[in-house]
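Number of protein chains: 2
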Amino acid sequence: MSDRPDLRTRRDVLRAGALGAAAASLAASATAAPVPAAPARHWDDETDLVIVGSGAAGISAAIEARRRGAEVRVYEMLALPGGSSSLSGGVCYLGGGTPLQKALGFEDSTEDMYRFMVAASGVWAPLAKIQLYCEQSLAHFDWLVENGVNYAQRFSAEKELSHEEASLYFCGNERAFPFRELARPAPRGHVPPARNQTGGRRLMQTLLASAERHGVHVATDTTAERLVVASDGAVLGLEIRDAQGMRAVRARRGVVLAAGGFIHNPEMLKKHAPELFPCSPHWGRAGDLGIGIRMGMGIGASVLHMHHGFAVLPLYPPENVLKGIVVNRLGQRCVTEDSYYGVLGHEILFNQGGRGYLIVDRVSDYAAPDYRLVPAAEAPTLAELEARLKLPTESLQRTVEYYNRYAARGEDPLLGKGRDYLAPVSQAPFKAYDLGVEKAFYAVHTFGGLETTVNAEVVNAGGEVIPGLYAAGRTSAGIPVSPYYASGLSIGDGTFFGRRAAMHALSHRA
Amino acid sequence: MSDRPDLRTRRDVLRAGALGAAAASLAASATAAPVPAAPARHWDDETDLVIVGSGAAGISAAIEARRRGAEVRVYEMLALPGGSSSLSGGVCYLGGGTPLQKALGFEDSTEDMYRFMVAASGVWAPLAKIQLYCEQSLAHFDWLVENGVNYAQRFSAEKELSHEEASLYFCGNERAFPFRELARPAPRGHVPPARNQTGGRRLMQTLLASAERHGVHVATDTTAERLVVASDGAVLGLEIRDAQGMRAVRARRGVVLAAGGFIHNPEMLKKHAPELFPCSPHWGRAGDLGIGIRMGMGIGASVLHMHHGFAVLPLYPPENVLKGIVVNRLGQRCVTEDSYYGVLGHEILFNQGGRGYLIVDRVSDYAAPDYRLVPAAEAPTLAELEARLKLPTESLQRTVEYYNRYAARGEDPLLGKGRDYLAPVSQAPFKAYDLGVEKAFYAVHTFGGLETTVNAEVVNAGGEVIPGLYAAGRTSAGIPVSPYYASGLSIGDGTFFGRRAAMHALSHRA
Chain A
5 MSDRPDLRTR
15 RDVLRAGALG
25 AAAASLAASA
35 TAAPVPAAPA
45 RHWDDETDLV
55 IVGSGAAGIS
65 AAIEARRRGA
75 EVRVYEMLAL
85 PGGSSSLSGG
95 VCYLGGGTPL
105 QKALGFEDST
115 EDMYRFMVAA
125 SGVWAPLAKI
135 QLYCEQSLAH
145 FDWLVENGVN
155 YAQRFSAEKE
165 LSHEEASLYF
175 CGNERAFPFR
185 ELARPAPRGH
195 VPPARNQTGG
205 RRLMQTLLAS
215 AERHGVHVAT
225 DTTAERLVVA
235 SDGAVLGLEI
245 RDAQGMRAVR
255 ARRGVVLAAG
265 GFIHNPEMLK
275 KHAPELFPCS
285 PHWGRAGDLG
295 IGIRMGMGIG
305 ASVLHMHHGF
315 AVLPLYPPEN
325 VLKGIVVNRL
335 GQRCVTEDSY
345 YGVLGHEILF
355 NQGGRGYLIV
365 DRVSDYAAPD
375 YRLVPAAEAP
385 TLAELEARLK
395 LPTESLQRTV
405 EYYNRYAARG
415 EDPLLGKGRD
425 YLAPVSQAPF
435 KAYDLGVEKA
445 FYAVHTFGGL
455 ETTVNAEVVN
465 AGGEVIPGLY
475 AAGRTSAGIP
485 VSPYYASGLS
495 IGDGTFFGRR
505 AAMHALSHRA
Chain B
5 MSDRPDLRTR
15 RDVLRAGALG
25 AAAASLAASA
35 TAAPVPAAPA
45 RHWDDETDLV
55 IVGSGAAGIS
65 AAIEARRRGA
75 EVRVYEMLAL
85 PGGSSSLSGG
95 VCYLGGGTPL
105 QKALGFEDST
115 EDMYRFMVAA
125 SGVWAPLAKI
135 QLYCEQSLAH
145 FDWLVENGVN
155 YAQRFSAEKE
165 LSHEEASLYF
175 CGNERAFPFR
185 ELARPAPRGH
195 VPPARNQTGG
205 RRLMQTLLAS
215 AERHGVHVAT
225 DTTAERLVVA
235 SDGAVLGLEI
245 RDAQGMRAVR
255 ARRGVVLAAG
265 GFIHNPEMLK
275 KHAPELFPCS
285 PHWGRAGDLG
295 IGIRMGMGIG
305 ASVLHMHHGF
315 AVLPLYPPEN
325 VLKGIVVNRL
335 GQRCVTEDSY
345 YGVLGHEILF
355 NQGGRGYLIV
365 DRVSDYAAPD
375 YRLVPAAEAP
385 TLAELEARLK
395 LPTESLQRTV
405 EYYNRYAARG
415 EDPLLGKGRD
425 YLAPVSQAPF
435 KAYDLGVEKA
445 FYAVHTFGGL
455 ETTVNAEVVN
465 AGGEVIPGLY
475 AAGRTSAGIP
485 VSPYYASGLS
495 IGDGTFFGRR
505 AAMHALSHRA
């Protein structure tokens, strides 16, 4: 034991929210290498399903397993369960005509939901997963409600949900050009009513309570150390560590890795997703160290989408700032300003070298200094603003002249911005906010993870299933890819494929 | 044996150059899973270093090993050795004041070479590898010459080497804005004189001849099937298959995976590098099936840069077309037209959704139809051209008006195009060539591969070295990242780190 750092101390630091060195040290001590099982391996404990992580994916897997009569163990490295899901907005992306959509008078179809998700995902669209997710969206809604998730029969028309009594809203890029022409938009953001975007806390409190009712015990302060594999590569169990020391747990039906992403592992982030690294805040709870991903890779699992992540650049609310324009380092408009904030952040971060500006006039400016953005320059004319920003000569002036002329008529030939946000940028003074990755508020999280089937089975580089190993949520490469085009995709994917893992493990493995 | 497809047939198809189904079938049959070594494992053969692949990386490893007195086996799945390196231009990116640079009157420094490579690589710059590569560039030049590579004392001033008697040229983005201001440009493209860009054939003939002089025998028509690993994860050897069947080869000092990338494995390409998938041609010989990468992943190796690749969009020669402009789907200029063609292709493919146009006038047009590009539209005025291309109203007209006004004075405030290529686009008729990924000639190859140290040791997801396993060339994640900013980086990296693998295996492993 003497060669290991004191876990108690590290946990206390993590609990206090101080990441940095503590997280790095923890990340470095976890090993990717598995331990092979000797023929007469000793087990300290035995169960049907071992689940690593107690966020939305892990808890959904646990509930689903218990509903099927199985025995489970859930291990959570932090002192409190809930994972990064409890930090999220708690939105689930659901559609196709859910009872809530219908009750609030919105029409939706599985086909429209599918068409939108495929188009918005671009070349990285995980087609099979999207299809299944859309087909089973209504059943998944029912499952959430059966587990106590409460949706208020109230719609919010705002782009960002701030109404504390509403549960349905347009949470993504459905109404932005060109998507509004590719699929009929519908509000698909389903969220338990909560103040100040604490829907994630509310959602996880509800799911954790349901898990407890189902007899699930979450072992906190317990880290997953190593997978135990048979000589044929099948996963037999897991070695865990808690205050009592190391123990080996046999998993008769499988191990589900639901340990989150790797946004708090700086070494992994720099290597696999360097675009996300300079952004801040790195969004997630302290457990997002990539432990599940590395354990899977250590036994030969394939990984996908490792450079992807969400990059939320929230210019709104207030929505009036969207009457301003967003320009790149060349002074050109490059993204429809009324896009979902994950799409806007993606464009600047991944396609524009992490540089850009929000240009506003007196009318479209924020009413008060905003914590998310710092002003880069202010000037009485656009020519002066352009010069202060060191943008190419005439570039910004020409961009605004072109934009204003059409905006005055309610048109945007370049990017199709919605009419509600079209107005000339013409009232001095003019101001530029810096959208550079090192300056603006970019909430970032990772999407890359273990490659899985639609049953959440982990596969190797040859596409062969690794028997006994499952992954869900941000430990897996799931439905969320870059660009992140709607809130609720990550929690939706996590809860849905967490359930799929349990379903498959309990019906297919003896 | 009856459950295996007939290798003879598959090889014959591959030999004939018919890829498609044959390659897919071969890719599907190779397994990522290793075979564990039993304590009393039988070996059919034994050597110091086992090398998979006979391209630039594998052959450099073999020569280096023989120069150090070691015994080697080199296995090549195709009937002819040389790998995709023999299809390449044969350029090595070398600098810091090589004898050839000096003889031809060019000054260069290690620092300038390093500064350029780091800046041009962007956020993905593999700093440690670049540094070592620059520091040892002169020694690597000497090594190539010692092995018979002949460089003619002649410089070519063209952007694309077409002079059959020249050996030194500006092969990358050194002189394009902003790089010319960040580091002193020098010609660093070193290539054996050859006609029609067949320098790669020439280079590989030379290296293969040297290998033969050093006593290296390349076993062709021999596929690597599975790595053999000890229970502690160390690589002990390799199972190979040839016309005589399967054999197990013990590698006392290590196995070097130098089996190329995965550009001809459609399943891997769609999953890991979907941006490259729709491009054509997929550039490389038939062996680029990702076999080395998958074997490494199968035993827990980490992979990096899997979505990266080169995307060469060769507008030039002739260079006069660079007096035209390149615009994106919004009719905006987005890349300095006189950039290296890998940088230009990268911008359109990765940052502009794979869509764009080359706009030329009568003067800047190609003299004759060009096989690389198809015209999208032609018109007597720019307004008509814009309408035919369905670009946003006024977008192209405004772009050209702005460009022309400054080009007439020899300036390009927007993108800093070199003076030699600045001229107004003003002589009707105007023509647009389609730079869409499905229309234009995009030569693409993969860069993603196994994560390695500067000694070419393969590491797992925890950063721990996998004992006995090395990777080089496009089986590893090396110096070439996206954007690919200079010819010769891939061959340079492959030869250099192939050598490093042999050096390390023979000096550090007992």
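Protein chains in written order, with our numbering: chain A, 5 to 514; chain B, 5 to 514. Quick reminder that beta carbons are idealized off the backbone N, C-alpha and C, glycines included.
If the five residues before and after Leu326 of chain A are omitted, its C-beta is found closer than 7 Å to the C-beta atoms of Leu319, Tyr320, Glu341, Asp342, Tyr425, all from its own chain and listed in chain order. The criterion of a C-beta distance shorter than 8 Å is satisfied by Gly193 of chain B and Gly492 of chain B. Assigned with DSSP and collapsed to three states, Ile303 of chain B falls in coil, not helix or strand. By the C-beta density criterion, Pro182 of chain B is exposed, having fewer than 16 other C-beta atoms within 10 angstroms. Using a Cβ distance threshold of 8 Å, Leu439 of chain A and Tyr361 of chain A count as a contacting pair. The Cβ atoms of Val232 of chain B and Ala247 of chain B do not sit closer than 8 Å to each other.
Going by DSSP, Val378 of chain A is part of no alpha helix (DSSP H) at all; its letter is neither H nor E. Put simply, of A:Pro103, A:Val469, A:Phe314, A:Gly477 the residue whose alpha carbon is nearest the alpha carbon of Gly176 of chain A is A:Phe314.
Considering only beta carbons, the part of the stretch 448-480 of chain A lying closer than 8 Å to chain B consists of Glu455, Asn464, Ala465, Gly466, Gly467, Glu468, in chain order. When CB distances to chain B are screened at a threshold of 9 Å, the residues of the stretch 293-306 of chain A falling below it are Gly294, Ile297, Arg298, Met299, Gly300, Met301, Gly302, Ile303, Gly304, Ala305, Ser306, in chain order. Per DSSP, reduced to three states, the secondary structure at Ala228 of chain B is strand. The beta-carbon separation of Thr403 of chain B and Gly265 of chain B, rounded to 37 Å, does not stay under the 8 Å limit for a contact. Listed along the chain, the chain B residues whose CB falls inside 8 Å of the CB of Arg402 of chain A are Arg402, Tyr406.
The C-beta of Arg199 of chain B has fewer than 16 other C-beta atoms within 10 Å across all chains shown, which makes the residue exposed. Proximity to Glu216 of chain A across A:Ala238, A:Pro85, A:Leu108 peaks at A:Pro85, based on C-alpha coordinates. Residue state for Phe434 of chain A is assigned as strand, using DSSP reduced to three classes. The stretch 162-171 of chain B makes no contact with the stretch 121-141 of chain B; the number of CB pairs closer than 8 Å stays below 3.
Below the 7 Å Cβ cutoff, chain A contributes Leu308 as neighbours of Lys275 of chain B, in chain order. Boundaries of the beta strand (DSSP E) harbouring Asp49 of chain B: 49-56, taken from the DSSP string.
A buried status is given to Ser92 of chain B, since no fewer than 16 other beta-carbon atoms sit within 10 Å of its beta-carbon. Under the Cβ criterion of 8 Å, His221 of chain B is not counted among the residues facing chain A. Ala509 of chain B and Ala475 of chain A have their C-alpha atoms spaced approximately 36 Å apart. When the alpha-carbon of Thr51 of chain A is set against those of A:Ile329, A:Ala61, A:Val259, the nearest one is in A:Val259.
Within the stretch 107-133 of chain B, contact with chain A at the beta-carbon level (separation under 7 Å) is assigned to Val127, Trp128. Residue state for Glu75 of chain A is assigned as coil, using DSSP reduced to three classes. A straight line joining the alpha-carbon of Arg184 of chain B with that of Gln157 of chain B spans about 25 Å. Non-local C-beta neighbours of Gly414 of chain A in its own chain, meaning closer than 7 Å and more than five positions away in sequence, comprise Arg423, Leu426, ordered along the chain. Of all C-beta pairs linking the stretch 110-127 of chain A to the stretch 205-219 of chain A, fewer than three are shorter than 8 Å, placing the two stretches out of contact. For Val347 of chain A, the enclosing alpha helix (DSSP H) has its first and last residue at 345-350. With a threshold of 16 other beta carbon atoms within 10 Å, Gln105 of chain B meets it and is buried. Arg245 of chain A: member of the beta strand (DSSP E) spanning 239-246, first to last residue. Relative to the Cα of Leu317 of chain B, the nearest Cα in the group B:Ile297, B:Gly346, B:Arg333, B:Arg337 belongs to B:Gly346.
Gly204 of chain B: member of the alpha helix (DSSP H) spanning 203-217, first to last residue. In this structure, Gly300 of chain B lies near Leu454 of chain B, with their beta-carbon atoms less than 8 Å apart. Among the bridge pairs identified by DSSP, Ala475 of chain B is matched with B:Leu261. Note on Thr479 of chain A: 16 or more other CB atoms within 10 angstroms of its CB, so buried under the neighbour-count rule.
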